[in-house]
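Protein chains in written order, with our numbering: chain A, 191 to 489; chain B, 191 to 489. We treat Cβ as the ideally placed atom computed from N, Cα and C, and that holds for glycine.
There are 2 protein chains.
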Amino acid sequence: MSLLVVGSVALDTVYTPKGSLIEGLGGSATYFSVAASVFTPVKLVGVVGSDFPSEHIDKLSRRGIDVEGLYAVEGKTFRWSGRYGEDFGDPETLDTQLNVFADFSPKLPEKYRNTPFLFLGNIHPQLQLQVLDQMKSPKFVAVDTMNFWIERERELLLEVFKQIDMAVINELEVRLLTGIRSPLAGAKKVQEMGPKILVVKRGAYGSMTLIGDEIFLFPAFPTDDVTDPTGAGDSFAGGMIGYIAGQNDISNDTIKNAVANGTVVGSFCVEGFSIRKLEKITHSDVAERLEKLRGMMKF
Amino acid sequence: MSLLVVGSVALDTVYTPKGSLIEGLGGSATYFSVAASVFTPVKLVGVVGSDFPSEHIDKLSRRGIDVEGLYAVEGKTFRWSGRYGEDFGDPETLDTQLNVFADFSPKLPEKYRNTPFLFLGNIHPQLQLQVLDQMKSPKFVAVDTMNFWIERERELLLEVFKQIDMAVINELEVRLLTGIRSPLAGAKKVQEMGPKILVVKRGAYGSMTLIGDEIFLFPAFPTDDVTDPTGAGDSFAGGMIGYIAGQNDISNDTIKNAVANGTVVGSFCVEGFSIRKLEKITHSDVAERLEKLRGMMKF
Chain A
191 MSLLVVGSVA LDTVYTPKGS LIEGLGGSAT YFSVAASVFT PVKLVGVVGS
241 DFPSEHIDKL SRRGIDVEGL YAVEGKTFRW SGRYGEDFGD PETLDTQLNV
291 FADFSPKLPE KYRNTPFLFL GNIHPQLQLQ VLDQMKSPKF VAVDTMNFWI
341 ERERELLLEV FKQIDMAVIN ELEVRLLTGI RSPLAGAKKV QEMGPKILVV
391 KRGAYGSMTL IGDEIFLFPA FPTDDVTDPT GAGDSFAGGM IGYIAGQNDI
441 SNDTIKNAVA NGTVVGSFCV EGFSIRKLEK ITHSDVAERL EKLRGMMKF
Chain B
191 MSLLVVGSVA LDTVYTPKGS LIEGLGGSAT YFSVAASVFT PVKLVGVVGS
241 DFPSEHIDKL SRRGIDVEGL YAVEGKTFRW SGRYGEDFGD PETLDTQLNV
291 FADFSPKLPE KYRNTPFLFL GNIHPQLQLQ VLDQMKSPKF VAVDTMNFWI
341 ERERELLLEV FKQIDMAVIN ELEVRLLTGI RSPLAGAKKV QEMGPKILVV
391 KRGAYGSMTL IGDEIFLFPA FPTDDVTDPT GAGDSFAGGM IGYIAGQNDI
441 SNDTIKNAVA NGTVVGSFCV EGFSIRKLEK ITHSDVAERL EKLRGMMKF
């Protein structure tokens with residue numbers, strides 16, 4: 191079934207120990223869409239400026255992503271620039287220019303409004319609510335957010351959390367949301383805020399997912415072939431929720447397989463700058479690496 | 191088969207958000223022994239002062255640990271004191287008094303020298319070499335170390351590494367040893383230094399184990415019932431190597447099951463101060479929790 195994502199599309203300038211990328215295709219909705227497109231048809235809602243290269247639009251279209259909701263408006267595209275250290279940990283942000291993204295106000299094309307699966311990317315909770323208002327009772331809604339919104343727009347964010355099925359956040363965000371230091375106790379508290387399914391991202395260590403009363407632990411795919419970690423979390427979410435939409439099923443078993451598939455999709459993302467590696471992967475690339483990873487967990 | 195451990199026995203004063211412990215039984219060899227005793231007979235080599243409470247010796251003996259090699263000498267026992275913050279992360283060390291441990295020079299009772307399994311706890315590499323010299327061709331040798339020895343006694347430590355089968359260290363120690371930031375690439379480099387088996391500890395995220403060319407990923411048991419993390423790593427190592435000795439087998443399958451069992455034993459350790467929880471656990475407690483953890487990994 192089809193999956194709608196709302197979020198940022200950007201031009202990224204990235205420096206890593208493996209090289210650099212100047213104004214490449216980036217943004218959370220970009221990574222999410224390309225990752226999800228491995229498993230299901232995707233509709234993308236976002237905004238770019240009049241300077242946005244048409245070749246980037248072509249790349250998305252080639253992955254079968256519906257870009258009717260990706261509006262090009264007068265002005266400059268959102269730009270982000272960052273530098274990764276030797277350990278490929280959290281990058282140092284060198285520059286952020288919101289540009290046209292600062293006035294982003296998502297309007298869903300009429301034909302998008304009954305999409306059954308929805309992912310609300312990391313945007314202002316007010317905009318997330320605005321998207322929810324335009325949807326006609328989606329079957330499944332997942333959300334991402336960040337420390338900035340948790341700290342500054344807490345009430346609106348809690349309003350969003352009441353209306354969703356799944357949240358995909360990291361351990362720090364769990365702690366900020368709940369004030370609880372124990373990752374497990376904090377995660378349970380987040381569930382009480384709304385989402386029955388909570389995926390807690392642990393970066394290079396994988397994830398812990400709570401599905402109702404069940405806990406699902408999944409490791410990351412170990413690699414020493416990291417080129418650019420940008421978009422890893424978004425690709426993980428995209429692979430995961432794309433898988434759920436592709437199966438058109440939200441049983442616990444499907445959620446667990448979705449985490450596993452998302453993990454593997456995310457592992458491909460970091461092996462190239464921008465979406466260079468991600469845009470090439472197929473169903474069978476994912477299946478093959480997942481078998482490898484499964485082998486590393488067997489005892 | 192029987193397992194010999196050489197390391198520290200201490201009196202610990204610990205403050206955690208759950209309470210405090212004043213001069214309780216501690217030390218890496220203590221935690222290791224008690225954990226290993228779940229699976230196999232253990233011989234402990236260490237030193238304590240004349241102030242060491244005999245009740246602590248009794249506790250070890252009750253777990254079937256052979257304490258003939260735990261020498262009591264004139265003077266005060268090694269003391270350590272630390273405080274854990276709200277997140278139970280790395281503790282702040284408040285005080286360290288090596289006391290009689292400063293002059294520790296391990297002498298193995300004659301009957302210990304042909305013990306088939308050996309664990310060299312985190313002591314001066316010179317002392318680790320001294321123990322190796324006294325052993326009569328052990329079947330399997332594992333080692334722990336720390337940043338202090340890596341930085342100050344590198345040459346001696348590399349001498350130790352050449353003579354062992356397994357090292358149990360954390361990601362920071364891998365990086366310090368190799369200068370390589372990628373955990374996987376660094377781990378492979380450590381294998382080249384000697385140990386065919388390398389267990390990389392990831393704290394609350396579990397472990398990554400390299401066994402020759404194989405990679406084995408295992409998560410930690412998630413809990414919100416942490417009381418005192420002291421000894422968690424030593425209990426993990428003890429449970430793991432105790433399991434290997436108990437099976438008297440060093441096949442890849444046994445190593446993987448050992449990691450799994452060690453993980454579970456370590457998870458019990460943190461649920462009580464000192465060895466209070468650890469000394470009570472049985473084979474079936476471990477098996478039961480391991481089944482739970484296995485369930486959390488199934489997809």
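Legend entry - Whether N442 (chain B) touches E382 (chain B) by CB criterion (7 Å): no
Inset, instruction - With DSSP as the reference, label D439 (chain A) as helix, strand or coil. - result: In the structure shown, D439 (chain A) sits in coil (DSSP, three-state: anything other than H, G, I, E or B).
Inset, instruction - Reducing DSSP to helix, strand and coil, say where I465 (chain A) ends up. - result: coil
Inset, instruction - Identify every residue that forms a DSSP beta bridge with T220 (chain A). - result: Its beta-bridge partners do not exist; DSSP assigns none.
Inset, instruction - Please say whether V237 (chain A) and F309 (chain A) have beta carbons closer to each other than 7 Å? - result: No. Outside cutoff.
Inset, instruction - Enumerate in chain order the residues of its own chain whose CB-to-CB distance from L347 (chain B) is below 7 Å, with the five nearest sequence positions on each side excluded. - result: P315, T335, W339, I340
Inset, instruction - Quickly, what does DSSP pair E404 (chain B) with across the bridge? List them, please. - result: B:I401
Inset, instruction - Determine the chain B residues that contact M487 (chain A) at a beta-carbon separation under 7 Å, and present them in chain order. - result: L407, M487
Legend entry - Nearest candidate by alpha-carbon position, reference F458 (chain A), set A:L480, A:P207, A:L367, A:D439: Taking F458 (chain A) as reference, the option from A:L480, A:P207, A:L367, A:D439 with the minimal CA-CA separation is A:L480.
Inset, instruction - Note the first and the last residue of the continuous beta strand (DSSP E) segment covering D285 (chain A). - result: 282-287
Inset, instruction - Just mark P243 (chain B) as buried or exposed, buried being the case when its beta carbon has 16 or more other beta carbons within 10 Å. - result: exposed
Inset, instruction - Pick out the complete alpha helix (DSSP H) segments inside the stretch 288-346 of chain A, 4 residues or longer, and give them in chain order. - result: 315-324, 337-342
Legend entry - For M486 (chain B), three-class secondary structure by DSSP: helix
Legend entry - Contact under 7 Å by Cβ, D418 (chain B) with V204 (chain B): yes
Legend entry - Pair within 7 Å by beta-carbon distance, E361 (chain A) and V380 (chain A): no
Inset, instruction - Would you please verify whether the beta carbon of Y395 (chain B) is less than 7 Å from any beta carbon of chain A? - result: yes
Inset, instruction - Just mark H473 (chain B) as buried or exposed, buried being the case when its beta carbon has 16 or more other beta carbons within 10 Å. - result: exposed
Inset, instruction - Identify whether M191 (chain A) lies in helix, strand or coil by the three-state DSSP scheme. - result: Correct three-state label for M191 (chain A): coil.
Inset, instruction - Could you list which residues in chain B have their beta carbon closer than 9 Å to that of P385 (chain A), in chain order? - result: By Cβ distance, chain B contributes nothing, its closest Cβ being about 18 Å from P385 (chain A), past 9 Å.
Legend entry - Beta-carbon spacing of L400 (chain A), Q353 (chain A) below 7 Å: no
Inset, instruction - Determine the chain A residues that contact R392 (chain B) at a beta-carbon separation under 7 Å, and present them in chain order. - result: Y395
Inset, instruction - Establish whether the CB of L374 (chain B) and some CB of chain A are separated by less than 7 Å. - result: yes
Legend entry - Segment contact, 8 Å Cβ cut-off, at least three pairs: the stretch 214-230 of chain B with the stretch 244-257 of chain B: yes
Legend entry - For N312 (chain A) and G197 (chain A), believed in contact at Cβ under 8 Å, the rounded distance: 6 Å
Inset, instruction - Just the chain B side, please: which residues come within less than 8 Å of P412 (chain A) by C-beta, in chain order? - result: In chain order: P373, L374, M398, I405, L407.
Legend entry - One or two residues paired with V237 (chain A) in a DSSP bridge: Partner(s): A:Y261.
Inset, instruction - Report the residue from A:V454, A:T413, A:G272, A:K446 whose alpha carbon sits nearest the alpha carbon of F426 (chain A). - result: A:V454
Legend entry - Best match in A:N304, A:E282, A:G265 for proximity to A292 (chain A) [C-alpha to C-alpha]: The residue among A:N304, A:E282, A:G265 with its C-alpha nearest the C-alpha of A292 (chain A) is A:G265.
Inset, instruction - Reducing DSSP to helix, strand and coil, say where S372 (chain B) ends up. - result: coil
Inset, instruction - Evaluate R392 (chain B) with the Cβ neighbour count: other Cβ atoms within 10 Å of its Cβ, from every protein chain shown; 16 or more gives buried, anything less gives exposed. - result: buried
Inset, instruction - Measure the Cβ-Cβ separation of A435 (chain A) and T267 (chain A) and say whether it is below 7 Å. - result: No. Outside cutoff.
Inset, instruction - List the residues of chain A whose Cβ lies closer than 9 Å to the Cβ of K446 (chain B), in chain order. - result: Listed by position along chain A, the residues whose Cβ is nearer than 9 Å to that of K446 (chain B) are K488, F489.
Inset, instruction - Determine which residues of the stretch 448-476 of chain A have a Cβ less than 8 Å from any Cβ of chain B, and write them out in chain order. - result: Of all residues in the stretch 448-476 of chain A, V449, A450 have a Cβ within less than 8 Å of some Cβ in chain B.
Inset, instruction - Please report the residue range of the beta strand (DSSP E) in which S271 (chain B) lies. - result: 269-273
Inset, instruction - Kindly give me the distance between the Cβ atoms of A225 (chain B) and G428 (chain B), rounded to whole angstroms, as I take these residues to be in contact under 8 Å. - result: 3 Å
Inset, instruction - Tell me whether A477 (chain B) is buried or exposed, calling it buried when 16 or more other Cβ atoms sit within 10 Å of its Cβ. - result: exposed
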